[in-house]
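Participant: Structure in structure tokens, see below.
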Amino acid sequence: MKKISLLIMSSVIMHIAFSSVSATAGIKFDSSTQLKMPSDWTGNKNLRVMPYKNQSVDVPILDLRYPHNEGYRNEDSVDVQTVNQKIASLGDNGIVLISGSVVFDDSLIIGENQTLLGNGSLQIKTKSGNIITYIRKVPAVITNSSNSSVIKVASNTNISGVTLKSGLEGIGSLNDSTSNVSISDVDISATTGDGIKLDNTDGLSISNSAIHDLSICEDKTICEFSVLSPTIAPNAAISAIGSSNIIIDNVDIDSVTYGIFLANNFLKGNYDSDTNTYKNTTSNVTINNTKISNSRREGLLLVGNDGVTTNNLTIDNSHQVQDMDLVVLQASHDVTMNDTNLLGGVNGLMIVNSATLPNFDGNDISAADMTISDPSRSGVFINPAATISLENVTVNNPGIAGLSLLGNEFGNEGLGAAVENMTLTNVQVNHPAKAAITFSGPMKNINGDVTTTQTEIACVNPSHLGQLEQDPDSILTINGKVLADLDDCD
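Just so you know, the sequence shown maps onto residues 73 to 562 in my numbering.
Structural data, given as structure tokens:
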């Protein structure tokens with residue numbers, strides 16, 4: 073079979089030649105090399121082909137058209153096995169077009185090197201080099217009546233322009249490991265588990281999509297993240313364990329248990345105890361232009377990640393009655409957060425390492441241009457961690473303090489006892505309930521200035537458990553006043 077070039081972002085591109093075909097009606101299965109473009113399609117304002125309407129193709133295409141009615145009953149479910157057999161028969165580079173609303177009784181399977189396109193456009197490059205555009209402006213709604221993924225994908229697959237409802241997950245993995253999955257312009261809701269769950273995936277792009285109103289996991293025993301089970305955070309909008317090369321762009325997440333959960337593969341076989349490193353890490357992650365609202369638990373939870381950048385991230389739990397920390401960076405390294413807006417939550421940003429998880433030598437975490445508003449406890453909470461930079465960070469109305477720094481006086485191997493090598497540049501704490509900074513345990517080399525409206529109690533050192541050790545070039549000031557000894561705090 074001749075290879076084609078596929079790209080789904082806002083469109084798909086492939087090579088085509090021409091001949092004429094006749095019209096058919098209803099639900100059509102076509103695994104031949106004919107792309108059926110009936111003449112009545114060009115006259116339909118919602119569905120048209122331009123500028124050509126009669127063509128034959130070098131690639132197999134299956135066109136599924138269902139009634140445009142979202143009302144359904146479980147007994148009306150379509151046996152998806154027949155559909156999956158037709159899709160499988162397309163083979164490599166197969167294109168599945170779908171429109172209307174359908175209830176499947178099991179997962180729709182998109183195999184390796186295949187594309188599923190619902191509402192959207194299909195750009196077609198002819199052998200002569202011309203570009204034609206196939207446009208669908210009709211909705212494509214797929215509901216799953218069973219406890220399985222609405223769609224399961226293999227490697228080198230593209231999913232675009234579909235609404236997915238119910239099922240265990242909106243999109244899940246067909247195989248134990250996957251590579252190069254592109255998901256765009258999807259709407260996922262009402263799943264009993266995660267929205268998208270793609271573990272052990274190398275190359276994942278999720279863009280221009282909405283994931284919302286998933287089943288909320290309330291049971292504290294089952295639902296709350298634990299470092300003893302570091303790969304479990306149920307009912308997340310996006311969940312990926314042991315995955316790398318991930319791009320999440322322009323995704324709107326609302327009313328879920330967890331927002332985005334990315335965790336390393338902590339299996340013993342993936343860890344080299346001699347070098348204290350992972351053989352494969354959850355790495356090279358970029359999250360752009362994404363909003364997470366009303367997450368029952370953490371909005372962004374990264375566990376054992378190495379190499380993450382976020383740009384223009386908003387997490388808003390200000391209307392939640394119950395929630396948790398907004399961002400948790402657990403045992404993670406090389407994380408850069410730019411242009412972040414955090415509202416509500418217990419703590420806005422938590423940086424923490426655990427004695428039960430392997431840790432990097434330093435965290436190397438930086439946050440720039442971050443605003444944190446109305447956390448019930450602290451804006452930034454740091455457990456023993458090292459090499460942290462906060463620049464242009466504003467914390468408004470924290471329930472306790474702008475910054476809470478908690479060193480571990482006892483420490484243990486692999487977990488530094490102190491909060492150390494921290495740089496503060498233009499950090500502003502407005503109207504904290506208690507103090508700008510609270511200290512506990514050992515601190516080392518905390519450098520920079522914190523400005524606060526709380527002038528009576530600028531810092532707190534409960535029971536005088538905090539100790540500050542500074543190298544000559546490390547100077548910490550609060551409202552311009554040098555803090556050389558934590559005993560000077562209340």
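Just so it is clear, CB atoms sit at the ideal spot from N, CA and C, and this is done for glycine as well.
Under 7 Å Cβ to Cβ from PRO544, same chain only, skipping five residues before and after it: list those, please.
Facilitator: The sequence position of residue 544 within the sequence shown is 472, counting from 1. Same-chain partners within the cutoff: there are none.
Participant: How about the segment 440-459 and the segment 418-430: do they share at least three Cβ pairs that are nearer than 8 Å?
Facilitator: At 8 Å Cβ cutoff, the stretches touch.
Participant: Give me whichever residues DSSP pairs with LEU276 in a beta bridge.
Facilitator: By 1-based counting over the sequence shown, the position of residue 276 is 204. LEU276 pairs with VAL253 and ILE318.
Participant: Just confirm the distance between the C-beta atoms of GLY597 and ALA439, as a whole number of angstroms; I'd bet it's less than 8 Å.
Facilitator: Outside the displayed range of the chain (73 to 562) lies residue 597, so it cannot be described from this structure.
Participant: Beta-carbon of THR293 versus every beta-carbon of chain B: anything under 9 Å?
Facilitator: The displayed structure is made up of one protein chain only, and chain B is not part of it.
Participant: With DSSP as the reference, please indicate the residues paired to GLU528 in a beta bridge.
Facilitator: Along the sequence shown, read from residue 1 onward, the residue named residue 528 stands at position 456. Paired residue(s): none; GLU528 is not in a bridge.
Participant: Pop quiz: GLU370 and ASP326 are said to be a contact at Cβ under 8 Å. What is the actual Cβ separation, rounded to whole angstroms?
Facilitator: The sequence position of residue 370 within the sequence shown is 298, counting from 1. The sequence position of residue 326 within the sequence shown is 254, counting from 1. The Cβ separation is near 15 Å, so there is no contact.
Participant: Excluding five sequence neighbours on each side, which residues of the same chain lie with their C-beta closer than 6 Å to the C-beta of LYS516?
Facilitator: Locating residue 516 in the sequence shown gives position 444, counting from the first residue. For LYS516, where only same-chain residues beyond five positions count, the Cβ hits under 6 Å are ALA490, GLU492 and GLU541.
Participant: Is DSSP giving LYS158 helix, strand or coil here?
Facilitator: The count along the sequence shown starts at 1 and reaches residue 158 at position 86. Residue state, collapsed to three classes: helix.
Participant: Select from LYS237, VAL150 and LEU246 the residue whose C-alpha is nearest the C-alpha of ALA160.
Facilitator: By 1-based counting over the sequence shown, the position of residue 160 is 88. Comparing Cα positions, the closest option is LEU246.
Participant: Of all the options GLU481, GLY434 and LEU478, which has the alpha carbon lying nearest to the alpha carbon of SER461?
Facilitator: Numbered from its first residue, the sequence shown carries residue 461 at position 389. Looking at the Cα atoms, GLY434 is the closest of the given residues.
Participant: Out of LEU475, ILE509 and ILE214, state which residue places its alpha-carbon closest to the alpha-carbon of TYR138.
Facilitator: If you number the sequence shown from 1, residue 138 lands on position 66. Comparing Cα positions, the closest option is ILE214.
Participant: Please work out which residues of its chain come closer than 7 Å, Cβ to Cβ, to THR565, disregarding the five sequence neighbours upstream and downstream, and give them in chain order.
Facilitator: There is simply no residue 565 to check, as the chain begins at 73 and stops at 562 in what is shown.
Participant: Straight-line CA distance for ASP521 to LEU414?
Facilitator: On the sequence shown, position 449 is the one that residue 521 refers to. On the sequence shown, position 342 is the one that residue 414 refers to. Using only the alpha carbons, I get a separation of about 22 Å.
Participant: Does DSSP classify HIS536 as helix, strand or coil?
Facilitator: Within the sequence shown, numbered from 1, the residue matching residue 536 stands at position 464. Of the three classes helix, strand and coil, the one that applies to HIS536 here is helix, per DSSP.
Participant: Could you tell me which of HIS391, ILE223 and THR523 sits nearest to LEU236, measuring between CA atoms?
Facilitator: As a position in the sequence shown, residue 236 is number 164, starting the count at 1. When each option's Cα is compared against that of LEU236, the closest is ILE223.
Participant: Per DSSP, which one or two residues make a beta bridge with PRO514?
Facilitator: Numbered from 1 along the sequence shown, position 442 holds the residue referred to as residue 514. Bridge partners of PRO514: GLN539.
Participant: Would you call HIS140 buried or exposed, if buried means 16 or more other Cβ atoms sit within 10 Å of its Cβ?
Facilitator: On the sequence shown, residue 140 is found 68 positions in, with the first residue counted as 1. HIS140 should be labelled exposed.
Participant: In terms of residues, what are the limits of the beta strand (DSSP E) holding THR639?
Facilitator: No answer is possible for residue 639: the residues shown for the chain start at 73 and end at 562.
Participant: Taking just the CA atoms, how far does GLY376 sit from SER345?
Facilitator: Position 273 of the sequence shown, counted from the first residue, corresponds to residue 345. Position 304 of the sequence shown, counted from the first residue, corresponds to residue 376. For SER345 and GLY376, the distance between alpha carbons rounds to 15 Å.
Participant: For the beta strand (DSSP E) holding LYS569, just list the boundary residues, first then last.
Facilitator: This structure does not reach residue 569, given that the chain is present from 73 up to 562, and the question cannot be answered.
Participant: Using C-beta distances below 6 Å, list every residue in its chain close to ASP562, excluding the 5 sequence neighbours before and after it, in chain order.
Facilitator: Within the sequence shown, numbered from 1, the residue matching residue 562 stands at position 490. Hits under 6 Å: ILE529 and VAL532.
Participant: Using CA coordinates, which residue listed in VAL418, PHE511, SER149 and VAL168 is at the minimum distance from PHE176?
Facilitator: Translated into the one-based positions of the sequence shown, residue 176 becomes position 104. Taking only the C-alpha atoms, the option nearest PHE176 is SER149.
Participant: Between the C-alpha atoms of LEU180 and ASN156, what's the straight-line distance to the nearest angstrom?
Facilitator: If you number the sequence shown from 1, residue 180 lands on position 108. If you number the sequence shown from 1, residue 156 lands on position 84. Looking at the two C-alpha atoms, the distance is approximately 6 Å.
Participant: Tell me the rounded alpha-carbon separation between LEU373 and PHE511.
Facilitator: For the purposes of this step, residue 373 is taken as the residue at position 301 of the sequence shown. For the purposes of this step, residue 511 is taken as the residue at position 439 of the sequence shown. Computed Cα separation, rounded: 24 Å.
Participant: In its own chain, which residues sit with a C-beta less than 6 Å from the C-beta of GLN402, not counting the 5 before and 5 after it?
Facilitator: Indexing the sequence shown from 1 puts residue 402 at position 330. Closer than 6 Å at the Cβ level, and outside the excluded window around GLN402, lie VAL375 and VAL424.
Participant: For the beta strand (DSSP E) containing LYS237, list its first residue and its last residue.
Facilitator: Counting from 1 along the sequence shown, the entry for residue 237 is found at position 165. From DSSP, the beta strand (DSSP E) with LYS237 extends over 235-238.
Participant: Compute the Euclidean distance between the alpha carbons of VAL418 and SER448, then round it to the nearest angstrom.
Facilitator: Walking along the sequence shown from the start, residue 418 turns up at place 346. Walking along the sequence shown from the start, residue 448 turns up at place 376. Going from the Cα of VAL418 to the Cα of SER448 covers about 5 Å.
Participant: For LEU300, is the classification buried or exposed, using 16 other Cβ atoms within 10 angstroms of its Cβ as the cut-off for buried?
Facilitator: Against the sequence shown, residue 300 aligns to sequence position 228. Classification for LEU300: exposed.
Participant: Does the separation of the CB atoms of ASP321 and SER355 fall below 9 Å?
Facilitator: As a working mapping, residue 321 is identified with position 249 in the sequence shown. As a working mapping, residue 355 is identified with position 283 in the sequence shown. It is not a contact, given that the beta carbons lie outside the stated cut-off.
Participant: Using only alpha-carbon positions, find the residue among GLN526, LEU478, ALA226 and ASP259 that is nearest to GLY166.
Facilitator: Working through the sequence shown from its first residue, we reach residue 166 at position 94. Ranking GLN526, LEU478, ALA226 and ASP259 by Cα distance to GLY166 puts ALA226 first.
Participant: Return yes when the Cβ of ASN384 is within less than 9 Å of the Cβ of ASN360, no when it is not.
Facilitator: As a position in the sequence shown, residue 360 is number 288, starting the count at 1. As a position in the sequence shown, residue 384 is number 312, starting the count at 1. Cβ atoms of ASN360 and ASN384: closer than 9 Å.
Participant: Quick check on ASP291: does DSSP put it in helix, strand or coil?
Facilitator: Numbered from its first residue, the sequence shown carries residue 291 at position 219. DSSP places ASP291 in coil when its eight states are reduced to three.
Participant: Could you check the C-alpha separation between ILE444 and ILE207 for me, to the nearest Å?
Facilitator: On the sequence shown, position 372 is the one that residue 444 refers to. On the sequence shown, position 135 is the one that residue 207 refers to. Roughly 43 Å separates the two Cα atoms.
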